[in-house]
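Some notes on the structure that comes next.
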Amino acid sequence: MDLAARIGDQLLAAGTGNTDAKAHVRAIASAYGLHYTHVDITLNTITVYARFNQNQPATSVFRVVHKVTTDFSRLTEVDRLVRSIVAGATPLEMAQQILFDIETSNLPFRNRYALLAWGGFAGSVALLLGGGWIMAFVACITTIFIVFANAWLASKSLPVFFQNVLGGFASVIPAALTYAAGVELGFFLPPSLVIASCIVALLAGLTLVQALQDGITGAPVTSSARFFETLLQTGGIIAGIGAGIQAMAWFGITLPPIDTSQTSGDFGSVPLQIISGVFATIFFCIACFTERRATIVAGLTALVASTAFFSIQSVAGWSLMFANGTSALAVGFAGGLLSRRYMIPPQITAAAGITPLLPGLALYRGMSSMLSSQFVVGISNLALALATATTLAAGVVLGEWTARRIRRPRRIINRYQQLIRPRIARRRDDSQPRMAVDGRVRQPLHWRRRQKKGSESLWQLDHKMPNPEEPKED
């Protein structure tokens with residue numbers, strides 16, 4: 001039970017939804033013989049309750065998730081551990097040691113590379129929205145500064161709300177200066193695309209889509225708490241943008257009004273925007289410390305989603321909301337199939353695939369309209385941003401559900417919604433791992449194929465185990 005709660009802690013810290021985390025905890029408990037376990041997850045608390053028999057009192061384990069991170073490398077390792085536990089290939093003591101190694105492991109590469117990846121992500125989003133190369137460069141530099149400043153402020157224990165206020169304020173200054181310089185030189189550089197790119201980068205660290213997914217999948221309490229938290233943090237971004245616009249107006253730099261019907265810029269072509277969407281996903285994966293194989297799978301998923309989005313919006317001429325929903329459906333469907341094929345968490349492909357589609361431009365358009373005393377237009381655009389996020393969440397959930405129906409894993413849930421123990425062929429002793437004739441731990445076939453000679457990893461369950469029948473040397 002403690003192992004299951006600790007794994008649930010790691011899953012929730014990486015942004016996994018409430019329902020998925022419950023299923024993982026129940027599957028782990030069932031794999032070790034606790035078939036009738038009750039699991040309750042409310043926002044950042046995990047409670048696991050089990051009764052062994054009628055003569056003994058019930059036992060419960062309680063755990064609190066203290067910090068939410070975007071470390072997808074650790075999420076991938078935890079997902080592999082869960083797969084090995086459910087398959088019956090990892091005994092309890094070994095699973096505890098592997099989980100301890102995961103919890104104490106370092107990042108796969110330095111933070112400076114993640115910082116540069118955030119800049120590349122914002123630049124790609126600027127190109128995705130239709131901006132030129134100059135606006136992409138300005139968005140890249142601005143986002144690098146914002147992420148670095150927020151990381152430094154986080155080390156000083158400043159609340160996230162004020163970090164978002166600073167991020168929103170800092171996103172306006174370079175955009176306004178670039179716009180003023182362009183006016184002096186005789187060409188137009190839209191500041192809205194730089195600000196929108198920075199907003200998307202700030203929204204990527206929040207749990208807006210995850211909160212809506214919890215509400216869709218049947219966790220209203222957790223969804224309400226996450227949604228209120230995300231709404232408050234988004235309010236900090238909007239407040240920072242408003243303060244930045246007013247500060248630039250005091251210095252004589254007035255930003256141009258944005259067209260209320262504008263959804264993207266006027267630069268770039270559709271192929272460039274599709275490629276920009278793919279690179280935005282790749283840079284986001286690098287910024288979240290995703291390993292190489294998961295990054296490639298997420299990039300392929302983003303290619304499918306970007307192609308579907310621009311095909312529907314530009315070629316077919318349908319509405320933006322329908323294009324967002326179809327793209328999210330493609331992300332959930334393709335990501336669900338590819339994730340099970342290459343053994344990576346579906347959350348990585350879902351989060352990385354829909355992050356470039358977050359409504360940053362709609363948020364800025366609503367904020368700009370409200371500052372211009374157009375309150376009806378501003379509220380309408382903020383409602384459009386919320387509707388876009390809801391559409392993305394619903395599309396991802398429906399796509400993953402469709403993928404499970406098409407390529408369905410082995411059924412481990414019965415009609416009473418209780419997990420049953422997976423079938424393990426010819427398992428003689430539940431207290432010992434499955435042994436081969438030569439004394440080695442028997443592994444799943446897909447792990448044996450991927451092993452490299454001379455390399456050691458947490459999942460290389462090829463360690464020499466003592467043979468209980470072998471006589472001991474004196």
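Be aware that the sequence shown starts at 1, since it is given in full-length UniProt numbering, and climbs by one per residue. Glycine included, each C-beta is placed from N, C-alpha and C at the ideal position. None of the values given here were measured: they were computed from a predicted structure.
Residue i versus residue j - alpha carbon distance
i: V221; j: R63; result: 18 Å
i: F188; j: M248; result: 18 Å
i: N381; j: M367; result: 8 Å
i: T307; j: I274; result: 6 Å
i: I146; j: T16; result: 26 Å
i: residue 483; j: N18; result: Look at the range of the chain in this structure, 1 to 474, and you will see that residue 483 is not part of it.
i: Q96; j: L43; result: 25 Å
i: Q56; j: A31; result: 21 Å
i: R110; j: S339; result: 26 Å
i: Q246; j: G132; result: 26 Å
i: Q10; j: A117; result: 24 Å
i: V278; j: S269; result: 15 Å
i: L99; j: L185; result: 58 Å
i: Q347; j: V397; result: 11 Å
i: G439; j: T90; result: Residue placement at G439 is poorly supported in this model, since its pLDDT is 49, which falls under 50; the coordinates still yield a value, given next. Spanning the two alpha carbons is a distance of roughly 15 Å.
i: L320; j: L75; result: 32 Å
i: W250; j: G244; result: 10 Å
i: Q213; j: V183; result: 44 Å
i: R292; j: F121; result: 17 Å
i: L384; j: G33; result: 48 Å
i: S314; j: P271; result: 11 Å
i: A170; j: F72; result: 27 Å
i: A154; j: T349; result: 27 Å
i: D79; j: A23; result: 12 Å
i: A87; j: H35; result: 15 Å
i: L363; j: A328; result: 19 Å
i: Q374; j: A151; result: 35 Å
i: I344; j: R404; result: 15 Å
i: R112; j: A280; result: 18 Å
i: I41; j: T326; result: 31 Å
i: E93; j: K156; result: 38 Å
Cβ shell of residue i (< 6 Å), same chain only, five flanking positions each side left out
i: G360; result: A196, I199 and V200
i: A204; result: T355
i: L334; result: The displayed chain sequence assigns Ala, not Leu, to residue 334. Same-chain partners within the cutoff: T301 and V304.
i: G119; result: C140, T143 and I144
i: G8; result: A21, V25 and I46
i: G378; result: G366, S369 and M370
i: A330; result: V304, A305 and A308
i: A136; result: G123, A126 and L127
i: L107; result: F289
i: V39; result: K22, V25, R26 and V48
Contacting residues, own chain, Cβ-Cβ under 7 Å from residue i (five flanking each side not counted)
i: D2; result: V61
i: W318; result: I312
i: T295; result: I282, C285 and I286
i: Q210; result: G15, G17 and R226
i: A13; result: V65, K67, V68 and T69
i: F322; result: I312
i: T402; result: F333
i: I406; result: none
Contacts around residue i, its chain only, beta-carbon distance under 8 Å, and the 5 residues preceding and following it disregarded
i: N324; result: F309, L357, T388, T391, L392 and G395
i: residue 476; result: Here the chain has residues from 1 to 474 only, and residue 476 is not among them.
i: F148; result: L115
i: T59; result: M1, Y49, A50, R51 and F52
Residue i vs residue j beta-carbon contact at 7 Å
i: A29; j: T37; result: yes
i: C285; j: A239; result: no
i: G299; j: E400; result: no
i: S124; j: S276; result: yes
i: A5; j: V48; result: yes
i: T104; j: C288; result: no
i: N164; j: I253; result: no
i: V297; j: Y342; result: yes
i: L208; j: G167; result: no
i: V138; j: I241; result: no
i: P191; j: L255; result: yes
Chain B contact for residue i (CB, 7 Å cutoff)
i: P356; result: As a matter of chain content, chain B is missing from the structure shown, which is built from one protein chain.
Stretch pair the stretch 216-230 + the stretch 176-184: three plus CB contacts closer than 8 Å: no
The stretch 150-162 in contact with the stretch 223-241 per 3-pair CB rule at 8 Å: yes
Ranges of the alpha helix (DSSP H) found wholly within the stretch 226-313, counting only runs of at least 4: 270-287 and 292-310
Whole runs of the alpha helix (DSSP H) within the stretch 310-385, excluding any shorter than 4 residues: 320-342, 346-354 and 360-371
Uninterrupted alpha helix (DSSP H) stretches inside the stretch 40-125 (no shorter than 4 residues): 72-86 and 92-103
Whole runs of the alpha helix (DSSP H) within the stretch 123-188, excluding any shorter than 4 residues: 133-155 and 160-185
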